[in-house]
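A.B. asks: Residue numbers (this note's numbering): 865 to 1162.
Starting off with a structure, shown below.
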């Protein structure tokens, strides 16, 4: 039977208490293991020791960096790093999976957004009348129009006819907060086409909106779809979170208010506004500087 990470975390906490560590340290380190375990489960994987691998840890950190403050990411990193070191000392594992894993938290460096030309190429790369093509185009358009997290996309349920006509879908965000997100007519058309062909799937009875050949589409499945379609469109290393950054950038550049973006994106912290709005802020600053051109006046 596979060893459960939460059971090991309990032993880890006893070790920390024996070492005289502060209650705050116990809490933060314990949270790191717990959040990693939850991340595994949200990706359809058991929270067991055999899933404490370098690749999965790197993916977890990437997700954290995309949607958490830098200080939070560093805390989670340190907690899991210490947990892995303890596992080695206790002979639970031979080598720490975090050995050599560097944490490079970007500081005030805007994530590159997708250009209109790239988006056109990406949608064209999905064109087709088969199930996969129609599903993938619907996914790309929803990511672009709604700016949702990949976990929120996978949590979407089959839309009603009214939702399609009104251009909205309800998503379950972090902290199980439910909010509406909105899409335009072309996305509604893509969803309508997908829903019609979805009805012929062997998994059509499932509540999940997006399906694979084996049931509900997973977050890893969405990442792979985006990566492959990106390569077909000539966009390397495309990740779902890049759509989220593009959504935030376009929203602010087109006159959207930050408080509205915060609500649409499902953020509880203003820090996410700064991170996701950095590219738009840079673009506005550049435009303002170019309008000034004080040197041209003398």
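Where is the CB? At the ideal position from N, CA and C, for every residue including glycine.
Just so we're clear, the structure is a prediction, and the values are computed from it rather than from any experiment.
Alpha carbon to alpha carbon, how far is residue 999 from residue 1094? Give it in angstroms, no decimals.
C.D. replies: Along the chain shown, read from residue 1 onward, the residue named residue 1094 stands at position 230. Along the chain shown, read from residue 1 onward, the residue named residue 999 stands at position 135. Approximately 15 Å between the Cα atoms of the pair.
A.B. asks: Please indicate yes or no: does the CB of residue 963 lie closer than 8 Å to some heavy atom of the ligand COA?
C.D. replies: In the structure on display, the ligand COA does not appear, and there are no ligands present to speak of.
A.B. asks: When the distance is taken between beta carbons, is residue 1083 closer than 9 Å to residue 1015?
C.D. replies: The count along the chain shown starts at 1 and reaches residue 1015 at position 151. The count along the chain shown starts at 1 and reaches residue 1083 at position 219. Yes, these two residues count as a Cβ contact at 9 Å.
A.B. asks: When the distance is taken between beta carbons, is residue 874 closer than 9 Å to residue 914?
C.D. replies: Indexing the chain shown from 1 puts residue 914 at position 50. Indexing the chain shown from 1 puts residue 874 at position 10. Their beta carbons are not under 9 Å apart, which means residue 914 does not touch residue 874 by this criterion.
A.B. asks: Would you kindly work out how many angstroms separate the C-alpha atoms of residue 1117 and residue 960, rounded to a whole number?
C.D. replies: Translated into positions along the chain shown, residue 1117 becomes position 253. Translated into positions along the chain shown, residue 960 becomes position 96. Spanning the two alpha carbons is a distance of roughly 45 Å.
A.B. asks: Under 8 Å Cβ to Cβ from residue 943, same chain only, skipping five residues before and after it: list those, please.
C.D. replies: Here residue 943 refers to the residue found at position 79 of the chain shown. The residues are 892, 893, 894, 895, 896, 897.
A.B. asks: Between residue 1130 and the rest of its own chain, which residues show a CB-CB distance below 6 Å, the 5 nearest in sequence each way excluded?
C.D. replies: As a first step, residue 1130 must be located in the chain shown, where it is residue number 266. The residues are 1037, 1043.
A.B. asks: What runs of the beta strand (DSSP E), each 3 residues or longer, lie entirely inside the segment 993-1065?
C.D. replies: Entirely contained in the segment 993-1065, the beta strand (DSSP E) runs reaching 3 residues are, in chain order, 1032-1036, 1042-1046.
A.B. asks: Beta-carbon within less than 7 Å of residue 924's beta-carbon, same chain only, minus the 5 sequence neighbours each way: which residues are those?
C.D. replies: On the chain shown, residue 924 is found 60 positions in, with the first residue counted as 1. Closer than 7 Å at Cβ, skipping near neighbours: 900, 903.
A.B. asks: Would DSSP call residue 964 helix, strand or coil?
C.D. replies: Locating residue 964 in the chain shown gives position 100, where the first residue counts as 1. Coil at residue 964, not helix or strand.
A.B. asks: How is residue 917 classed by DSSP in three states: helix, strand or coil?
C.D. replies: Residue numbering aside, residue 917 sits at position 53 when the chain shown is read from its first letter. In this structure, residue 917 counts as coil in the three-state DSSP scheme.
A.B. asks: Which residue wins for smallest C-alpha separation from residue 939, given the options 981, 889, 956?
C.D. replies: In the chain shown, residue 939 corresponds to position 75, counting from 1. Closest by alpha carbon: 889.
A.B. asks: Step through the CB atoms of chain C and report whether any lies within less than 9 Å of the CB of residue 1050.
C.D. replies: This model lacks chain C altogether; it includes just one protein chain.
A.B. asks: Output the distance between the C-alpha atoms of residue 1019 and residue 1065, rounded to the nearest integer angstrom.
C.D. replies: Counting from 1 along the chain shown, the entry for residue 1019 is found at position 155. Counting from 1 along the chain shown, the entry for residue 1065 is found at position 201. Near 18 Å, if we compare the C-alpha coordinates of residue 1065 and residue 1019.
A.B. asks: Go ahead and label residue 1069 buried or exposed: buried means 16 or more other beta carbons lie within 10 angstroms of its beta carbon, across all protein chains shown.
C.D. replies: Residue 1069 sits at position 205 when you count from the first residue of the chain shown. Exposed is the call here.
A.B. asks: What would DSSP say about residue 869, mapped onto helix, strand or coil?
C.D. replies: The count along the chain shown starts at 1 and reaches residue 869 at position 5. Looking at residue 869 - three-state DSSP - the assignment turns out to be helix.
A.B. asks: Using a 10 Å radius around the Cβ and a threshold of 16 neighbouring Cβ atoms, would you call residue 883 buried or exposed?
C.D. replies: Reading the chain shown from its first residue, position 19 is the one you call residue 883. Residue 883 comes out exposed.
A.B. asks: Enumerate in chain order the residues of its own chain whose CB-to-CB distance from residue 988 is below 8 Å, with the five nearest sequence positions on each side excluded.
C.D. replies: In the chain shown, residue 988 corresponds to position 124, counting from 1. These residues qualify, in order along the chain: 1097.
A.B. asks: To the nearest angstrom, how far is the alpha carbon of residue 872 from that of residue 955?
C.D. replies: Start at 1 with the first residue of the chain shown, and residue 872 comes out as number 8. Start at 1 with the first residue of the chain shown, and residue 955 comes out as number 91. For residue 872 and residue 955, the distance between alpha carbons rounds to 12 Å.
A.B. asks: Answer yes if the segment 1073-1081 comes into contact with the segment 1046-1053, meaning at least three C-beta pairs across the two stretches below 8 Å, and no otherwise.
C.D. replies: Judged by Cβ distances under 8 Å, the segment 1046-1053 makes no contact with the segment 1073-1081, as fewer than three pairs qualify.
A.B. asks: Who are the near neighbours of residue 947 in its chain, counting only those whose CB is closer than 6 Å to its CB and skipping five residues on each side?
C.D. replies: On the chain shown, residue 947 is found 83 positions in, with the first residue counted as 1. If we look at residue 947 and ignore the five residues flanking it on each side, its Cβ neighbours are 876, 897.
A.B. asks: For residue 1071, collect the residues of the same chain with a Cβ closer than 7 Å to its Cβ; drop the 5 residues on either side in sequence, then sort them by chain order.
C.D. replies: Translated into the one-based positions of the chain shown, residue 1071 becomes position 207. Excluding positions up to five away in sequence, the list reads 1021, 1022.
A.B. asks: Locate the alpha helix (DSSP H) running through residue 898, then write down its first and last residues.
C.D. replies: The residue you call residue 898 lines up with position 34 of the chain shown. Residue 898 -> alpha helix (DSSP H) spans 887-906.
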